[in-house]
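Asker:
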Ligand SMILES: NC(=O)c1ccc[n+]([C@@H]2O[C@H](COP(=O)([O-])OP(=O)(O)OC[C@H]3O[C@@H](n4cnc5c(N)ncnc54)[C@H](OP(=O)(O)O)[C@@H]3O)[C@@H](O)[C@H]2O)c1
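Numbering (this note's numbering), first residue to last: 4 to 292.
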């Protein structure tokens, strides 16, 4: 089974949301840096591609795989389908079949390592979605199933019908977005043995000095704790996510190798409980009761 689900091991993943198809050199440099740092999990989606449009990021990954196949030895690529800009979401069998076949072709792989439903389509019954996903597994088109941005109830409903294990739930989670810690999502993941992939673990860069005023208190606490540990605040954001007992992998998105190096320190920093709760209290705006 893919490394994402191994408990007790701290790891980061690298995401392609911010790439367009033309960024071959930059992406090659970043994937090389990520692979050297031991990152084996790459995350993309059919809709990613920036100015190159739908499919651009997957085509970029396909190009990288052709140019530097060794870089991908032992790595796994997760992708997503189910966003249909017209609908805006569609999880019909026919549409997801198109998504999966398109991703396979753009990535240039025989099987998708991990396929997520990018966002829940409320108009598709979970029994129908489950049958579609189980069909992809049976056909050998996808190796593992994930959900992204589902509610606790939506995960429960899908799991009720899905025969394949629901391996991962990908959701927005960072010191600037802590809702999944309190809304039952992470408790469900621990109860049901679902790995969590945390998207925008630095709140998409909004935890930095130029971030919005509502994240200022969190940023100040990150800066203070970072100074104490002699690392960058971004490393403390990673350590914060990795200290939670759910099996969490932060998916980082920087395109600067130096910033990747800074965040890696978060794998070894040991936050005290007091420091962890200081971040929670800053994010909630009040002390724990
Ligand atoms: N499932 C979903 O719905 C969903 C949604 C969004 C994202 N995702 C996944 O999550 C991945 C990561 O998202 P993200 O890019 O928003 O993650 P992130 O790591 O929170 O944000 C990265 C952004 O923050 C900037 N940044 C500013 N200061 C930084 C610092 N000190 N260190 C590092 N970065 C800093 C980076 O700019 P520089 O490049 O200049 O460093 C980059 O633009 C995506 O690529 C995608 O795979 C999934």
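Idealized CB from N, CA, C, for every residue including glycine. In this text, all values refer to a predicted model and were calculated from it rather than measured experimentally.
Under a Cβ-count criterion, where at least 16 other Cβ atoms within 10 Å of its own Cβ denotes burial, should residue 288 be classed as buried or exposed?
Answerer: By one-based count along the chain shown, residue 288 stands at place 285. Classification of residue 288: exposed, given that the 10 Å Cβ count is below 16.
Asker: From the DSSP output, read off the bridge partner residues of residue 253.
Answerer: The residue labelled residue 253 in the question sits at position 250 within the chain shown. DSSP output for residue 253 lists 201 as bridge partner(s).
Asker: Which residues does DSSP list as the beta-bridge partners of residue 82?
Answerer: Position 79 of the chain shown holds residue 82. 118.
Asker: Give me whichever residues DSSP pairs with residue 149 in a beta bridge.
Answerer: Within the chain shown, residue 149 is the residue found at index 146, counting from 1. Partner(s): 119 and 171.
Asker: Work out the CA separation of residue 254 and residue 60 for me, nearest whole Å.
Answerer: Position 57 of the chain shown holds residue 60. Position 251 of the chain shown holds residue 254. Each residue's alpha carbon lies about 15 Å from the other.
Asker: Tell me which same chain residues have a C-beta within less than 7 Å of the C-beta of residue 183, skipping the five on either side of it?
Answerer: Stepping through the chain shown from its first residue, residue 183 is reached at position 180. Taken in chain order, the residues that qualify are 174, 176 and 189.
Asker: Who does residue 44 pair with in a DSSP beta bridge?
Answerer: Stepping through the chain shown from its first residue, residue 44 is reached at position 41. BP columns for residue 44 point to 79.
Asker: Under three-state DSSP, which class holds residue 113?
Answerer: The residue labelled residue 113 in the question sits at position 110 within the chain shown. Note: residue 113 maps to coil in three-state DSSP.
Asker: Are three or more beta carbon pairs between the segment 76 to 91 and the segment 112 to 129 nearer than 8 Å?
Answerer: The segment 76 to 91, when compared against the segment 112 to 129, does touch it at the 8 Å Cβ threshold.
Asker: If we count the other Cβ atoms within 10 Å of its Cβ and call it buried at 16 or more, is residue 292 buried or exposed?
Answerer: Your numbering for residue 292 matches position 289 in the chain shown. Answer is exposed; the Cβ neighbour count stays below 16.
Asker: With a threshold of 7 Å (Cβ to nearest heavy atom), would residue 25 be considered close to ligand 1?
Answerer: One-based indexing of the chain shown puts residue 25 at position 22. No, since every heavy atom of ligand 1 falls outside the 7 Å radius drawn around the Cβ of residue 25.
Asker: Could you check if residue 126 is buried or exposed, using at least 16 other CB atoms within 10 Å of its CB as the buried criterion?
Answerer: Residue numbering aside, residue 126 sits at position 123 when the chain shown is read from its first letter. So residue 126 ends up on the exposed side.
Asker: Could you give the residue range of the beta strand (DSSP E) that holds residue 206?
Answerer: As a first step, residue 206 must be located in the chain shown, where it is residue number 203. From DSSP, residue 206 is part of no beta strand (DSSP E); its letter is neither H nor E.
Asker: With distance defined between alpha-carbon atoms, name the residue in 38, 50, 283 and 8 nearest to residue 181.
Answerer: By 1-based counting over the chain shown, the position of residue 181 is 178. Checked all of 38, 50, 283 and 8; the closest Cα to residue 181 is 283.
Asker: Quick check on the burial criterion: 16 or more other C-beta atoms within 10 angstroms. Buried or exposed for residue 76?
Answerer: Taking the first residue of the chain shown as position 1, residue 76 is located at position 73. Looking at its Cβ environment, which holds fewer than 16 other Cβ atoms inside 10 Å, residue 76 is exposed.
Asker: Can you tell me whether residue 280 is helix, strand or coil according to DSSP?
Answerer: As a first step, residue 280 is located in the chain shown; it is residue number 277 there, counting from the start. Note: residue 280 maps to helix in three-state DSSP.
Asker: Could you check what DSSP says for residue 57 in three-state terms: helix, strand or coil?
Answerer: Against the chain shown, residue 57 aligns to sequence position 54. In the structure shown, residue 57 sits in coil (DSSP, three-state: anything other than H, G, I, E or B).
Asker: Would residue 272 and residue 232 be called neighbours here (beta carbons separated by less than 8 Å)?
Answerer: For the purposes of this step, residue 272 is taken as residue 269 along the chain shown, with counting starting at 1. For the purposes of this step, residue 232 is taken as residue 229 along the chain shown, with counting starting at 1. In this structure, residue 232 lies closer than 8 Å to residue 272 by Cβ.
Asker: Where DSSP assigns a beta bridge to residue 18, which residues make up the other side?
Answerer: Here residue 18 corresponds to residue number 15 of the chain shown, with the count starting at 1. The partner list for residue 18 (beta bridge, DSSP) reads 46.
Asker: With DSSP collapsed to three states, give me the class of residue 23.
Answerer: For the purposes of this step, residue 23 is taken as residue 20 along the chain shown, with counting starting at 1. The answer is coil: DSSP assigns residue 23 none of H, G, I, E or B.
Asker: Please list, in chain order, all residues of the same chain as residue 87 whose beta carbon is under 7 Å from its beta carbon, the five residues on each side excluded.
Answerer: The residue labelled residue 87 in the question sits at position 84 within the chain shown. The residues are 93 and 98.
Asker: Of the choices 65, 155 and 129, whose alpha-carbon is the least far from that of residue 163?
Answerer: What you label residue 163 is simply residue 160 of the chain shown in a count that begins at 1. Ranking the options by Cα distance to residue 163, first place goes to 129.
Asker: Are the CB atoms of residue 221 and residue 285 nearer to each other than 8 Å?
Answerer: Taking the first residue of the chain shown as position 1, residue 221 is located at position 218. Taking the first residue of the chain shown as position 1, residue 285 is located at position 282. Yes, the Cβ-Cβ distance between residue 221 and residue 285 is below 8 Å.
Asker: Under a Cβ-count criterion, where at least 16 other Cβ atoms within 10 Å of its own Cβ denotes burial, should residue 159 be classed as buried or exposed?
Answerer: Translated into positions along the chain shown, residue 159 becomes position 156. By the 10 Å Cβ count, residue 159 comes out exposed.
Asker: Ligand 1 and residue 73: does any heavy atom of the ligand fall closer than 7 Å to the residue's C-beta?
Answerer: Reading the chain shown from its first residue, position 70 is the one you call residue 73. It does not: the Cβ of residue 73 is nowhere closer than 7 Å to a heavy atom of ligand 1.
Asker: When the distance is taken between beta carbons, is residue 235 closer than 8 Å to residue 1?
Answerer: This structure gives no information on residue 1, because the portion of the chain shown stretches from 4 to 292.
Asker: Which same chain residues end up closer than 7 Å to residue 299 when comparing Cβ atoms and leaving out the 5 residues on each side of it in sequence?
Answerer: The first residue shown for the chain is 4 and the last is 292, placing residue 299 beyond what the model contains.
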